[in-house]
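To start, the structure itself, in structure tokens.
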Amino acid sequence: MKSYMLPEFNVYRDLERCVSCQVCVNQCTYMVHYYDEEEDLVKSREENCVGCLRCAMLCPTKALKIVPNPTSYRENHHWTRESISAIKVQAESGGVILTGMGCDKPQYTYWDRIVLNASQVTNPSIDPLREPMEIRTFLGKKPKELSIEAGSGRYSLTTELSPQLKLEMPIMFTAISYGAVSFNVHESLAMAASESGTYFNTGEGGLDRRLYRYGDHAIVQVASGRFGVDPSYLEVGAAVEIKIGQGAKPGIGGHLPGEKVSREISRTRMIPKGTDALSPAPQHDIYSIEDLSQLIYAIKEATGYAKPVSVKIAAVHNSAAIASGIVRAGADIIALDGIRGSTGAAPKIIRDNVGIPIELALASVDQRLRDEGIRNEASLVVAGGVRNSADVVKAIALGADAVYIGTAALIAIGCTVCQKCYMGRCPWGIATTDPWISKRVNPLIASKRLSNLLRAWSLEIKEMMGGMGINSIESLRGNREMLRGVGLTDKELSILGVRHAGE
Amino acid sequence: MTSLQNPYREDKVHEACGLLGIIDTSKARFSAYEPIRAMENMHDRGNGLGAGFAVYGLYPEHRDEYALHVMYLDGQAKDRVEKHIEKHVEVNHAEEIPTDDKVRVVNPPVMWRYFVTPKRGLSEETGEDEYIREMVMRINMATGKAFVFSSGKDMGVFKGVGYPEELADYFMLSEYRGYLWLGHTRFPTNTPGWWGGAHPFSILDWSVVHNGELSSYGANRRYLEMFGYRCTMQTDTEVMAYAFDLLVRRQGLPLDVAAKILAPPLWIEIDRMPSEERKVHTALRQCYGGLLMNGPFTIIVAHHGEMIGLTDRLKLRPLSAAVKGGRVYMASEEAAIRVLCRDPDRVWRPKGGEPVVGRVKALEVVREMIL
Ligand code: SF4
Ligand code: SF4
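Residue numbers (this note's numbering), protein chains in the order written: chain A, 1109 to 1611; chain B, 5 to 375.
Okay, structure coming up:
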């Protein structure tokens, strides 16, 4: 069938600059660039270009410009280029349109409509260069009260605390599975988490034996497919996370195509090589909160009650009530993933239309747990489109204990959010298991980039806290007094629990 | 100031303020002369927009009854609140709080005191203190026109808009005696003072005077709300009183441990502690992070038999302490102490976050923490 699709991007090569070195030919995994021997020229097949920018960034003479194709349909606010193209694609393929990464629609970002407070005269700001700023965070169940005994001139603790995760900064790397990304990426995340005193999350694909030495900084995930779940996996992690839902595709399961299941991945996931790794949306032993409770306690039993158990859900209409149930089911940590959460592959229609913004879910979950007096019973970790340290600070002031970052971490490694992860040909060597392309990520360099990102955000968080006259992150957590809304409706403000700017 | 209520309904006000606390550790009662003298000495720390005193050992003849001091901003609220009070507690005695009307203060509300005991049977489930606390929270939320600003036994708070010496005259404090006195003069900088917003803040027999501003207020308030505390006084100090009530009265933690929750050691200090100590301090921060108080503050907190002075970890507000015989003094400045005792046995300025405790009987001043 003849395709009616317009190329998404135009590739401009400045022939004055191009030296026909063929770097772009080698780097492009979509075979956009090719060498024409006859003319001794490097040329392009524009229709293949996904806009990953690898070629433009690596071209030694900066001869390449990748520009969104300006040729478009007649302007129409309802029948946008996106909606017309989608219909054409489906008319040609008859299938579900897939995409990678998170929802890119403008209407869901509340972070940008919330601003932070700063100290002025009577409550002076604190200079983080001269005063200590404390951002250490502990995740896990906290008791409502401690009992302390005085004996022989000293106090001692008689309450035994549940196991806690200690984070030197309130930021962790979210669940990204081995298989969705290359081993090198997994290793980079593990190394950076260990070095920075935080945690990475294995995602649902298990943990390669070579990474067991980073177990102290791993949150090992248990999803419906149970890939890679065995006693040693549960044992090696610092915490266990049960994945119920994911922000990018609530109600949708995972699918790693058989071609990606190499020998190594088959060993880690404990499935035959070359078979599709299907993880359905429901866990077939969980159809109620009681079932979830059973799984939580099964995991706690299996790990001797020595590790916190987290439950991850997608932010949806009823998140607050669901979160309350999860706490009562015995979870130590709730991970909430908003509509902007990313993925290696999801039906585009789901990614863009299912779920709710994390800001609103977070505010309502935190408030509900407080109203029920059980906020201490579990820590709240949020994910789904956290782009910078201000988003982190706002999340904590709304009530989160910590955030998970995913897309931001991959961008630090090189990702340009081209949204083509599902093709498995990520030119940056990230969302791929192809050994040749994977080599593009050097774990030593990538982990350094990740550590730098965490360090930079930590410094910025401390600056913002100092500006508010706060020197310990505990005093920021749930401190919605420090937030004001700009251009939000009364309803939105009431759900967020913040006042409008100027009030 | 034309309105009794803070018309801006600010959640908090900002202040520089002068603080005072004196405890006689032998529990001997003394007159208001000394606290008033000391507060006069700190006149310039306030600006006439709020001052007050708390007195312990105030009503020995009603020792076993809760003394409710209530301010009414309108008559309807009084009827409603009195009905509520009568429904829930036995009122053994009620009277208007005597004032000297010759003293000119701005817009004084009507103030009454009630000596009450919980109705038999009603308080069994929660215990008497908790029963009274819940009732106070209910009244303070109900009308926005009536506030119980003091609710302990054998103690009372007197406060309002004015300078401390004016309010002392207005309330005729020279008629009263007590073994523990707190004093406060206020310098709100960007909101008008109102009668309910003056210090001390009090719940049951806890009272707090405060100089500073809590940048952690929002976090503290939301933590306390989980335990049934409702912040109605529109200032940040209120959370201090509730925090002590929660930690010490309800949860039974020692006062100095509570101080370590409000102003904990830094993590770098905790990390260097011996293991048992480290465990206690780590657990305190993990569990009670929501009550860590941030921003500049000095507080003096009292309840029966104990008084504690504490500054924030960075010591952004002043505090001096002194001991003379059986008396422990704390004040924003040494001068205020020196007008009362010329040659104290010891006088010092505690470090940031280091609590100073004056205790009845034990006659001890806990300075070096044993936590
Ligand atoms: S990388 Fe740049 S210089 Fe090399 S062939 Fe491609 S466009 Fe030409
Ligand atoms: S991971 Fe790779 S494929 Fe996915 S969006 Fe980023 S650059 Fe594109």
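For glycine and all other residues, C-beta sits at the position ideal for the given N, C-alpha and C.
Show which residues of chain B have a CB atom less than 7 Å away from the CB atom of residue i.
i: proline 1251(A); result: Cys291
i: serine 1583(A); result: Ser219, Ser220, Ala223, Leu296 and Asn298
i: methionine 1590(A); result: Gly222
List the residues of chain A that residue i touches, going by C-beta distances under 7 Å, in chain order.
i: glutamate 229(B); result: Arg1478
i: lysine 283(B); result: Leu1265
i: arginine 226(B); result: Arg1478 and Gly1586
Cβ of residue i less than 8 Å from any chain A Cβ?
i: glycine 357(B); result: no
i: lysine 91(B); result: no
i: glycine 50(B); result: no
i: alanine 150(B); result: no
i: aspartate 15(B); result: Its pLDDT being 46, under 50, aspartate 15(B) is placed unreliably by the model, and the measurement read from it follows with that caveat. Aspartate 15(B) counts as touching chain A.
i: glutamate 368(B); result: Low confidence applies to glutamate 368(B): its pLDDT is 45, below 50, so where it sits in the model is not reliable, and the reading given next is rough at best. Judged by the 8 Å Cβ criterion, glutamate 368(B) is not in contact with chain A.
i: glutamine 9(B); result: For glutamine 9(B), the pLDDT reaches just 46, beneath the cut-off of 50, and the residue's location in the model is therefore unreliable, leaving the point undetermined.
i: methionine 5(B); result: Residue confidence for methionine 5(B) is low, a pLDDT of 32 falling below 50, so the modelled location carries little weight; the figure read from the coordinates is stated next. No, methionine 5(B) does not count as interfacial toward chain A.
i: leucine 23(B); result: no
Could you work out which residues of chain A lie near residue i, taking near to mean beta carbons separated by less than 9 Å?
i: glycine 201(B); result: In chain order: nothing, as chain A lies at least about 15 Å away.
i: glutamine 255(B); result: Lys1252, Glu1253, Leu1254 and Ser1255
In chain A, what lies closer than 8 Å to residue i by C-beta?
i: alanine 1(B); result: This structure leaves residue 1(B) out entirely; chain B is present only between 5 and 375.
Please compile the residues from chain B whose C-beta is within a distance smaller than 8 Å of the C-beta of residue i.
i: isoleucine 1578(A); result: Ser219, Ser220, Asn298 and Gly299
i: arginine 1244(A); result: Trp271
List, in order along the chain, the chain B residues whose C-beta lies closer than 9 Å to that of residue i?
i: glycine 1537(A); result: The premise fails here: glycine 1537(A) is roughly 38 Å from chain B at the closest Cβ pair, so nothing lies under 9 Å.
Counting only C-beta atoms, is residue i closer than 8 Å to chain B at any point?
i: methionine 1378(A); result: no
i: glycine 1586(A); result: yes
i: proline 1240(A); result: yes
i: alanine 1258(A); result: yes
i: glutamine 1329(A); result: no
i: glutamine 1272(A); result: yes
Can you tell me which residues form a DSSP beta bridge with residue i?
i: histidine 307(B); result: Glu310(B)
i: glycine 187(B); result: Leu24(B) and Phe57(B)
i: leucine 1114(A); result: Looking at the DSSP assignment, leucine 1114(A) forms no beta bridge with any residue, so it has no partner.
i: proline 1465(A); result: None; proline 1465(A) has no bridge partner.
i: glutamine 1329(A); result: Glu1349(A)
i: valine 93(B); result: Pro122(B)
i: valine 1490(A); result: Leu1444(A) and Val1511(A)
i: arginine 1121(A); result: Leu1172(A)
i: valine 351(B); result: Ala326(B)
i: leucine 1206(A); result: Pro1455(A)
Examine ligand 1 and report whether any of its heavy atoms sits within less than 7 Å of the Cβ of residue i.
i: valine 1150(A); result: yes
i: alanine 1137(A); result: Before going further, note that residue 1137(A) is threonine rather than alanine in the sequence given. Outside the cutoff, so no.
i: leucine 1161(A); result: no
i: valine 1175(A); result: no
i: leucine 1172(A); result: yes
i: proline 1535(A); result: no
i: valine 1140(A); result: no
i: cysteine 1157(A); result: no
i: arginine 1548(A); result: no
i: arginine 317(B); result: no
i: arginine 1614(A); result: Nothing can be reported for residue 1614(A), as the shown portion of chain A is limited to 1109 through 1611.
Going by the C-beta, is residue i closer than 7 Å to any heavy atom of ligand 2?
i: methionine 1209(A); result: yes
i: alanine 1454(A); result: no
i: glutamine 1527(A); result: yes
i: cysteine 1523(A); result: yes
i: alanine 1288(A); result: no
Q: Closer than 7 Å, Cβ to Cβ, to anything on chain B: give me those residues from the stretch 1480-1503 of chain A, in chain order.
A: Taking 7 Å as the Cβ-Cβ cut-off against chain B, the residues of the stretch 1480-1503 of chain A that qualify are Gly1481 and Arg1483.
Q) According to a CB-to-CB cut-off of less than 8 Å, which residues of the stretch 1213-1238 of chain A neighbour chain B? A) Within the stretch 1213-1238 of chain A, Ser1227, Val1229, Thr1230, Asn1231, Pro1232 and Ile1234 place their CB atoms closer than 8 Å to a CB of chain B, listed in sequence order.
Q: Anything in the stretch 316-343 of chain B with a Cβ closer than 8 Å to a Cβ of chain A? List those residues in chain order, please.
A: For the stretch 316-343 of chain B, the beta-carbon criterion of a distance under 8 Å to any beta-carbon of chain A is satisfied by Arg317, Leu318 and Leu320.
Q) Which residues, in chain order, does the stretch 256-268 of chain B contribute to contact with chain A at a C-beta distance below 7 Å? A) For the stretch 256-268 of chain B, the set of residues with a beta-carbon nearer than 7 Å to any beta-carbon of chain A comprises Leu257, Pro258 and Val261, in chain order.
Q. In the stretch 1383-1409 of chain A, which residues sit with their C-beta less than 7 Å from some C-beta in chain B, listed in chain order?
A. Within the stretch 1383-1409 of chain A, no residue qualifies.
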